[in-house]
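Asker: Structure in structure tokens, see below.
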Amino acid sequence: VCRGYWRNKIGKPHAVPCKVTGRLWLCAGVPRGTGIVLAPMPKKLLLMAGIDDCYPSARGCTSALGNFAKAAFDTISKTDSYLAPDLWKETVFTKSLSSSYWIQWVRGSCRSRGTREKASHAGLFKSLVTVHLLTFIW
Numbered sequence: 001v002c003r004g005y006w007r008n009k010i011g012k013p014h015a016v017p018c019k020v021t022g023r024l025w026l027c028a029g030v031p032r033g034t035g036i037v038l039a040p041m042p043k044k045l046l047l048m049a050g051i052d053d054c055y056p057s058a059r060g061c062t063s064a065l066g067n068f069a070k071a072a073f074d075t076i077s078k079t080d081s082y083l084a085p086d087l088w089k090e091t092v093f094t095k096s097l098s099s100s101y102w103i104q105w106v107r108g109s110c111r112s113r114g115t116r117e118k119a120s121h122a123g124l125f126k127s128l129v130t131v132h133l134l135t136f137i138w
């Protein structure tokens with residue numbers, strides 16, 4: 001179960017990291033100390049999962065305790081699939097081989113042609129390719 005904070009990172013994680021939706025159940029983060037106002041069985045599930053503060057909301061029929069508890073468990077288990085920004089891996093961008101070959105080809109074609117007109121066309125083409133590659137990379 002992934003636990004998180006609500007609005008500030010003071011103390012230990014106490015709430016769900018974001019609004020999590022399961023089957024017929026919704027769990028959203030609330031400020032510390034709010035607690036859980038819920039039926040006893042799903043409340044025990046949330047407390048066993050380590051979530052002290054949560055705003056739960058159920059849709060449909062909640063009188064069948066088994067289905068209600070299963071929907072709560074499904075929502076709690078979906079908190080683990082949430083990928084927070086602090087869990088992201090560092091991305092290293094490198095130039096692909098095709099972009100390197102294009103740049104070398106444009107530079108080579110610009111040098112091989114002697115006239116100024118052909119060089120200006122090659123320079124324009126080079127700038128267009130560079131802009132296209134930069135927009136593709138970013």
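Read in order, the letters of the sequence shown correspond to residues 1 to 138 in full-length UniProt numbering. Heads up, the beta-carbon is just placed ideally off N, CA and C, and yes, glycines get one too.
Just how far apart, CA to CA, sit Glu117 and Thr94?
Answerer: Confidence is the limiting factor: at Glu117 the pLDDT is only 47, short of 50, which leaves the residue's position unreliable and the question unanswerable from this model.
Asker: Do you know how far the Cα of Val92 is from the Cα of Thr34?
Answerer: 41 Å
Asker: Let's test the definition: count the other Cβ atoms within 10 Å of the Cβ of Val37 and tell me whether it reaches 16, buried, or not, exposed.
Answerer: exposed
Asker: Tell me whether Ser57 sits in a helix, a strand or coil according to DSSP, three-state version.
Answerer: When DSSP states are grouped into helix, strand and coil, Ser57 belongs to the strand group.
Asker: Just the C-alpha distance for Leu45 and Trp88, rounded to the nearest angstrom, thanks.
Answerer: 28 Å
Asker: Report the option in Cys61, Leu24, Ile76, Arg59 whose CA atom is closest to the CA atom of Asp52.
Answerer: Of the candidates Cys61, Leu24, Ile76, Arg59, the one whose C-alpha sits nearest the C-alpha of Asp52 is Ile76.
Asker: Tell me whether Gly50 is buried or exposed, calling it buried when 16 or more other Cβ atoms sit within 10 Å of its Cβ.
Answerer: exposed
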